[in-house]
Amino acid sequence: MAIGAYAMGSNRGFIYIRAEYGLAVKRLHIAIEQAYKYGLLGKNILEKGFDFDVEVRIGAGAFVCGEETALMRSVEGRRGQPQPRPPFPAQRGLWGKPTNINNVETWATIRPIILRGAPWFASIGTEKTKGTKVFCLAGKINNTGVAELPFGTTLREMIFGVGGGIPNGKKFKAVQTGGPSGGVIPEQHLDIPVEYESLQKLGSIMGSGGMVVMDEDSCMVDVARFFMDFCCDESCGKCPPCRVGTRQMLSILERICNGQGKPDDIQKLEDLAAMVKDSSLCGLGQTAPNPVLTTLRYFRDEYMAHIVEKRCPARVCRELLHFEIDQVACKGCSICARACPVQTIHKVDGQKKFYITTETCIHCGACFEACRFDAVVKTSPGRTRTETPEDEVLAGEVKS
Numbered sequence: 083m084a085i086g087a088y089a090m091g092s093n094r095g096f097i098y099i100r101a102e103y104g105l106a107v108k109r110l111h112i113a114i115e116q117a118y119k120y121g122l123l124g125k126n127i128l129e130k131g132f133d134f135d136v137e138v139r140i141g142a143g144a145f146v147c148g149e150e151t152a153l154m155r156s157v158e159g160r161r162g163q164p165q166p167r168p169p170f171p172a173q174r175g176l177w178g179k180p181t182n183i184n185n186v187e188t189w190a191t192i193r194p195i196i197l198r199g200a201p202w203f204a205s206i207g208t209e210k211t212k213g214t215k216v217f218c219l220a221g222k223i224n225n226t227g228v229a230e231l232p233f234g235t236t237l238r239e240m241i242f243g244v245g246g247g248i249p250n251g252k253k254f255k256a257v258q259t260g261g262p263s264g265g266v267i268p269e270q271h272l273d274i275p276v277e278y279e280s281l282q283k284l285g286s287i288m289g290s291g292g293m294v295v296m297d298e299d300s301c302m303v304d305v306a307r308f309f310m311d312f313c314c315d316e317s318c319g320k321c322p323p324c325r326v327g328t329r330q331m332l333s334i335l336e337r338i339c340n341g342q343g344k345p346d347d348i349q350k351l352e353d354l355a356a357m358v359k360d361s362s363l364c365g366l367g368q369t370a371p372n373p374v375l376t377t378l379r380y381f382r383d384e385y386m387a388h389i390v391e392k393r394c395p396a397r398v399c400r401e402l403l404h405f406e407i408d409q410v411a412c413k414g415c416s417i418c419a420r421a422c423p424v425q426t427i428h429k430v431d432g433q434k435k436f437y438i439t440t441e442t443c444i445h446c447g448a449c450f451e452a453c454r455f456d457a458v459v460k461t462s463p464g465r466t467r468t469e470t471p472e473d474e475v476l477a478g479e480v481k482s
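Just so we're aligned: the sequence shown equals residues 83 to 482 in this note's numbering.
Here's what the structure looks like:
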């Protein structure tokens with residue numbers, strides 16, 4: 083930051099960090115104190131007649147403050163809400179002064195570029211995207227954590243090389259890149275090089291480098307609902323497309339997950355997603371529909387199963403689950419009955435076996451998790467129904 087400030091003629095810098103990262107805040111203060119002590123910050127740095135001071139500003143944990151204009155308002159002590167652009171921060175930013183905003187990750191590349199030269203840095207990565215990127219591997223993956231990798235590394239190398247593959251012998255299903263508003267990428271695109279352009283073509287983003295890996299037990303409709311719930315909750319509420327649009331999309335996704343989806347819900351989701359994406363004020367709303375659009379693009383059959391067959395193929399959506407006890411596997415230990423919060427598991431008369439009363443079961447899965455003998459069986463059988471012209475149209479969509 084001091085090098086950048088010297089190049090731009092700036093004398094004041096701010097580091098914005100979430101209050102939740104207490105250890106990072108503590109270490110950052112120590113590092114700044116040391117920099118002042120050694121004359122690398124403050125007055126007349128290295129006797130060059132250059133002054134530069136750094137302050138730490140603590141954010142309140144609002145996701146929307148990742149947007150630069152909302153971040154500046156938060157630094158100023160105001161509510162973190164985005165502002166229309168122009169004027170851009172370089173024209174009028176903090177307290178009306180020209181302001182340059184960069185991620186810590188960007189500033190971290192300055193030192194090695196100066197020491198080793200621009201050609202060295204440009205030799206890493208791809209033709210359009212140079213250097214490295216810090217990725218956070220999470221979800222259904224053996225090696226979770228942070229890894230710095232060159233741009234151009236394929237998703238397959240990240241997940242099965244660095245990440246060590248999927249645990250418990252499960253099959254890879256999809257990976258969501260770019261944080262909560264990133265898109266979901268399926269198995270057939272695992273060999274694409276990770277760079278800004280390639281991810282954008284697939285409907286995703288680079289974002290903060292988050293990689294959430296999902297296996298065969300993940301329901302794509304539930305995944306879309308989960309991330310939409312987050313974006314809806316984190317919307318600052320300033321612009322109606324984001325404030326209202328994300329709430330409506332979440333309502334539809336919740337209805338589909340609950341087995342109450344309607345035939346026209348998919349079209350409604352696509353129409354709402356386009357509206358939110360095109361008319362929201364900031365990046366939060368503009369990217370919030372990505373998980374929905376990509377799951378519809380690559381896993382539309384799962385949406386159709388939820389809506390038409392009232393079935394969750396991944397056996398995740400609670401209202402579409404059915405639990406029963408395999409009488410052969412049941413050992414009569416009663417652990418499942420004790421775990422049931424609504425006492426819907428009873429003993430078979432005259433036997434050391436148990437059964438579930440389907441009518442009063444709330445589908446919580448507590449018995450399934452508690453059973454040590456795999457006697458509790460979880461299924462999503464769907465519902466028997468009479469075909470209607472409406473169903474025939476939907477079946478045609480599935481085939482196409």
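Idealized CB from N, CA, C, for every residue including glycine.
Since residue i is in the beta strand (DSSP E), which residue starts that stretch and which ends it?
i: R400; result: Looking at the DSSP string, R400 is not in any beta strand (DSSP E), and its letter there is neither H nor E.
Measure the alpha-carbon distance for residue i versus residue j and round it to whole angstroms.
i: P232; j: D273; result: 15 Å
i: D135; j: E115; result: 11 Å
i: S92; j: C324; result: 35 Å
i: T439; j: R454; result: 20 Å
i: G291; j: Q433; result: 56 Å
i: D456; j: L363; result: 51 Å
i: G464; j: A419; result: 25 Å
i: D311; j: A411; result: 39 Å
i: I206; j: M302; result: 35 Å
i: I196; j: G121; result: 20 Å
i: E483; j: L176; result: The structure shown does not extend to residue 483, since the chain spans only 83 to 482, so no value can be given for it.
i: G243; j: G265; result: 22 Å
i: A101; j: A142; result: 6 Å
i: G131; j: K125; result: 8 Å
i: T328; j: H428; result: 43 Å
i: C321; j: P169; result: 18 Å
i: E472; j: N340; result: Residue placement at E472 cannot be trusted, given a pLDDT of 44 that sits under 50; the coordinates are not used to answer.
i: Y98; j: K119; result: 22 Å
i: S280; j: T214; result: 16 Å
i: D133; j: Q270; result: 53 Å
i: Q173; j: R379; result: 40 Å
i: E474; j: R393; result: The predicted model places E474 with a pLDDT of 43, which falls under 50 and marks its position as unreliable, so this point remains unresolved.
i: G367; j: V326; result: 10 Å
i: M288; j: G148; result: 14 Å
i: P180; j: G86; result: 14 Å
i: C422; j: P395; result: 24 Å
i: A106; j: V228; result: 15 Å
i: G199; j: H388; result: 55 Å
i: K253; j: G178; result: 53 Å
i: S462; j: E406; result: 11 Å
i: V216; j: E230; result: 4 Å
i: T470; j: H445; result: Confidence at T470 is low in this model, with a pLDDT of 44, below 50, so its placement is unreliable and the value that follows should be read with caution. So the alpha carbons of these two residues sit roughly 29 Å apart.
In the DSSP assignment, what residue or residues form a beta bridge with residue i?
i: H428; result: Y437
i: L231; result: K215
i: V458; result: I407
i: A220; result: V294
i: T236; result: P275
i: G464; result: DSSP output for G464 lists no bridge partner at all.
i: G207; result: K212
Looking at the unbroken alpha helix (DSSP H) that takes in residue i, where does it start and where does it end?
i: P345; result: It is not in any alpha helix (DSSP H) - P345 carries neither H nor E in the DSSP assignment.
i: C418; result: I417 to A421
i: P169; result: P169 -> no alpha helix (DSSP H), and no H or E assigned at all.
i: E451; result: A448 to A452
i: I51; result: This structure does not reach residue 51, given that the chain is present from 83 up to 482, and the question cannot be answered.
i: T181; result: No alpha helix (DSSP H) contains T181, which DSSP labels as neither H nor E.
i: T188; result: V186 to W189
When you compare the CB of residue i with every CB in chain B, is at least one pair closer than 7 Å?
i: V276; result: Of the protein chains in the structure, only one exists, and it is not chain B.
Kindly provide the ranges of any beta strand (DSSP E) runs that are 3 or more residues long and lie completely inside the stretch 282-332, ordered along the chain.
292-297
Let me know the alpha helix (DSSP H) ranges lying completely inside the stretch 83-163, each 4 residues or longer, listed in chain order.
84-90, 104-119 and 150-157
For the stretch 241-250 against the stretch 286-303, do three or more pairs of beta-carbon atoms, one drawn from each stretch, fall closer than 8 Å, so that the two count as touching?
yes
Whether or not the stretch 366-375 and the stretch 348-357 are in contact is what I'm after, with contact meaning three or more pairs of Cβ atoms, one per stretch, closer than 8 Å; do they touch?
yes
List, from N- to C-terminal side, the beta strand (DSSP E) runs of 3 residues or more that fit wholly inside the stretch 238-274.
254-259 and 266-268
Do three or more CB pairs link the stretch 356-371 to the stretch 388-402 at distances below 8 Å?
no
Determine contact between the stretch 257-271 and the stretch 183-196, defined as no fewer than three beta-carbon pairs at a distance below 8 Å.
As far as the Cβ criterion goes, the stretch 257-271 does not touch the stretch 183-196, which means the pair count is below three.
Whole runs of the alpha helix (DSSP H) within the stretch 355-388, excluding any shorter than 4 residues:
365-369 and 372-380
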